[in-house]
Every structure is written in C-alpha cells, then in structure tokens.
Amino acid sequence: MALASQLLEILACPDDKGPLYYVEDEQRLYNPRLHRSYRIDDDIPVMLIDEATNVDDAEHERIMALVAEQELAPTFEQ
Amino acid sequence: MSDLFERWSSTYDDAALQRFTYRTLHDAVVTIASSQRPGTILDVGCGTGQLTRRLTRLDWAPTVYGLDVSTGMLDRARHCGAPLIRASAEALPIADHSIELITCTESFHWYTDQRAAAAEFARVLRPGGQVAIISIATFTDVGASLLRRATAGRSTIRALPPHQIRAVLAAAGLMVHEQRRVRRPTPPWPTLTRAGRNG
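Residue numbers (this note's numbering), protein chains in the order written: chain A, -1 to 76; chain B, 36 to 234.
Rendered as structure tokens:
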C-alpha cells in the first residue's frame, strides 16, 4: 500500500532533517544529499539512522534516474 | 532496552492495566488537545496506539501521527487509524515547524538523551505549538539519584524531578506553561508538563 499523503508531507531525514524522495516501487525513502535510503516495513517507514542503508554512487545514480523518470517530488519544499 | 519493549508489547494492552494505569493520563492529554484544537498532532512514544486512536477521533478531526521506536508496539498500533513512523524521539524524521501539538505520555523517562528529544520537540513545533509530556517523575534530586541506583544494570529509566524536566524544556527554548501531578488509582503518580514554542 502507498504511504498516506499527509504522512509524506512532513517526513524528513532524521539526520539532516531535509526532504526525501518516496520511491514507492522500491518501498524506500531516499535522501539524495547523504546518499541514504530508509526502508518501509509493511507501510511503516523505518526512520532510524542506524538502520538506514548508505548507497554507493552507482546506486545513487540509478535511484535519481528513477526519480527523474517518474517525476517524483520531494516530501516537502525546503 | 528495545528488547524490553518487544517483550512488553505482547501484554501491554491488558484491559485492566490499561484502564488503571493509562486512562487518567490519556484523559489529561485529551483535555489539553480539546482546549487547543490543533490541526496536527504527533504522538511520540505512541506504544500500542491507545491514545493515538483517541486523538484521531476528536471532533475536529486533526491529522494525527503515531511514532515509536519499537516494532512490537507499532505492530499492535497498526489499526489505530493514524499513519505510523518507526523512529527515535531524539532524532525525529519530521520537517521543521510542521506540528501543532506533540503528545508524549509515559515515554520521556525512557529516553537516553532527554535534552536532544526536547530540542527535537522545539524544532518540529510550529510557532505557538505546544508539547504535553506525562512522565514518571521523582519528587526530588535525591529521589532521582536513588532511583538510578536502585535500577542500575536492570533498567534504563531516567525519571527526573519536575524542576529538571522544566529545565530540560527551557534549555530547548520551550516555555513551560503548566506542571502538575496526575493522580491515578495506582502510584507512581506521573507529572504532566505542558510547554509551548513562542510565535
């Protein structure tokens, strides 16, 4: 199931507090500034820095290409 | 500590325990919410979602979010009617100035870094927003130190005396409007502290 829009509009990275991209197809929330990905477990975003995944440059490029292709907007405007 | 909550979550909702221990506290929070009628409420340390559910049913239909660090608790909160977030109170994954009321019942005394949590509350509150914390509190500094010694190695509880709770909130730039004990059928009687962020 997709995350609720009223949840997405306030969701930020717990580390730098900036907006995230919600990549629904991959059930992840992505911080492009820190190259950090947060997973979503059964509709509950896991926003713990210790449980986030740091992605390498190639994976970052792939996710950002997906963001561009699907015209995904960040969770909020900074 | 997270293990403690995973084990606890399976028995946490026992009806009698709930009625005795939490109902009075939740009533106090609902009273605060009803006088303020916030459009957005973040329930930090939502546990199994008992209070979260009540907040979603308030007559002005606020947007309510439940946040907890424990998977076991969140699994039981799944049907509370609010979107849920797994996160730590000391590092909230919430945009600046996006919340009008933060509720925090029976969880502040578990935080490893209460100053960090208070700073996060101040950051995510909108100007004029408020936080209502109900926390186990000791009567005095001596009590706090005795409790720490008595539970050393077995518990990570960090109950503070009321004046220290006020000091932690003030250091985060929050103005304390109200502080009182909440009487319930069984001790310990927790302290309610209501503080606001200046507009």
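C-beta atoms are modelled at their ideal positions from N, C-alpha and C, and glycine is treated no differently.
Roughly how many angstroms separate the alpha carbons of residue i and residue j, rounded to a whole number?
{"i": "Tyr19 of chain A", "j": "Glu75 of chain A", "result": "11 Å"}
{"i": "Met62 of chain A", "j": "Gln68 of chain A", "result": "10 Å"}
{"i": "Arg34 of chain A", "j": "Met45 of chain A", "result": "11 Å"}
{"i": "Ile120 of chain B", "j": "Leu77 of chain B", "result": "10 Å"}
{"i": "Gly16 of chain A", "j": "Thr221 of chain B", "result": "43 Å"}
{"i": "Ile5 of chain B", "j": "Ile200 of chain B", "result": "What is shown of chain B runs 36 to 234, which leaves residue 5 of chain B out entirely."}
{"i": "Val203 of chain B", "j": "Ala56 of chain A", "result": "44 Å"}
{"i": "Arg232 of chain B", "j": "Ile67 of chain B", "result": "15 Å"}
{"i": "His58 of chain A", "j": "His212 of chain B", "result": "47 Å"}
{"i": "Ala172 of chain B", "j": "Glu125 of chain B", "result": "19 Å"}
{"i": "Asp48 of chain A", "j": "Pro12 of chain A", "result": "11 Å"}
{"i": "Ser142 of chain B", "j": "Val79 of chain B", "result": "8 Å"}
Does residue i have its Cβ less than 7 Å from a Cβ in chain A?
{"i": "Thr98 of chain B", "result": "yes"}
Please confirm whether residue i has its beta-carbon closer than 7 Å to some beta-carbon of chain B.
{"i": "Ile38 of chain A", "result": "no"}
{"i": "Ala2 of chain A", "result": "yes"}
{"i": "Ala63 of chain A", "result": "no"}
{"i": "Pro30 of chain A", "result": "no"}
{"i": "Leu70 of chain A", "result": "no"}
In chain order, what residues of the same chain lie with their CB nearer than 8 Å to the CB of residue i, ignoring the 5 residues before and after it?
{"i": "Val217 of chain B", "result": "Thr59, Leu60, Ala63, Ile169, Trp224, Pro225, Thr226, Leu227"}
{"i": "Tyr57 of chain B", "result": "Gln85, Leu86, Thr140, Glu141"}
{"i": "Asp41 of chain A", "result": "Met(-1), Leu1"}
Should residue i be labelled buried (16 or more other beta-carbon atoms within 10 Å of its own) or exposed?
{"i": "Glu155 of chain B", "result": "buried"}
{"i": "Pro162 of chain B", "result": "exposed"}
{"i": "Ser105 of chain B", "result": "buried"}
{"i": "Gln85 of chain B", "result": "buried"}
{"i": "Gln4 of chain A", "result": "exposed"}
{"i": "Arg92 of chain B", "result": "exposed"}
{"i": "Ala122 of chain B", "result": "buried"}
{"i": "Ala207 of chain B", "result": "buried"}
{"i": "Ser69 of chain B", "result": "exposed"}
{"i": "Thr147 of chain B", "result": "exposed"}
{"i": "Arg31 of chain A", "result": "exposed"}
{"i": "Asp14 of chain A", "result": "exposed"}
Leaving out the 5 sequence neighbours to the left and right, which residues in its chain are closer than 6 Å to residue i when beta-carbon positions are compared?
{"i": "Thr51 of chain A", "result": "Ser35"}
{"i": "Leu90 of chain B", "result": "Ile76, Val99"}
{"i": "Arg193 of chain B", "result": "His144"}
{"i": "His132 of chain B", "result": "Arg161"}
{"i": "Pro197 of chain B", "result": "Ala172, Gln214, Thr226"}
{"i": "Gly188 of chain B", "result": "At Gly188 of chain B, the pLDDT of 49 sits below 50, so the modelled position is not reliable; the number obtained from the coordinates is stated separately. Here the set comprises nothing."}
Which residues in the same chain have their Cβ closer than 7 Å to the Cβ of residue i, if we skip the five residues on either side of it in sequence?
{"i": "Gln71 of chain B", "result": "Leu136, Gln165"}
{"i": "Leu9 of chain A", "result": "Leu18, Leu27, Pro43, Thr73"}
{"i": "Gln25 of chain A", "result": "Arg37, Ile38"}
Using a threshold of 6 Å, is the CB atom of residue i nearer than that to any non-hydrogen atom of the ligand NAP?
{"i": "Thr75 of chain B", "result": "The ligand NAP is not part of this structure, which contains no ligands at all."}
Scan the stretch 96 to 121 of chain B for residues whose Cβ lies nearer than 7 Å to a Cβ of chain A and list them as they occur along the chain. Thr98, Tyr100, Leu109, Pro118, Leu119, Ile120, Arg121
Members of the stretch 121 to 135 of chain B that neighbour chain A once the beta carbon cut-off is set at 8 Å: Arg121, Ala122, Ser123, Ala126, Leu127, Pro128, Ile129, Ala130, Asp131, Ser133, Ile134
Which residues, taken in chain order from the stretch 37 to 61 of chain A, show a beta carbon closer than 7 Å to some beta carbon of chain B? Ile42, Pro43, Val44, Met45, Leu46, Ile47
For the stretch 11 to 23 of chain A, which residues have a beta carbon sitting closer than 8 Å to at least one beta carbon of chain B? Cys11, Pro12, Asp13, Lys15, Pro17
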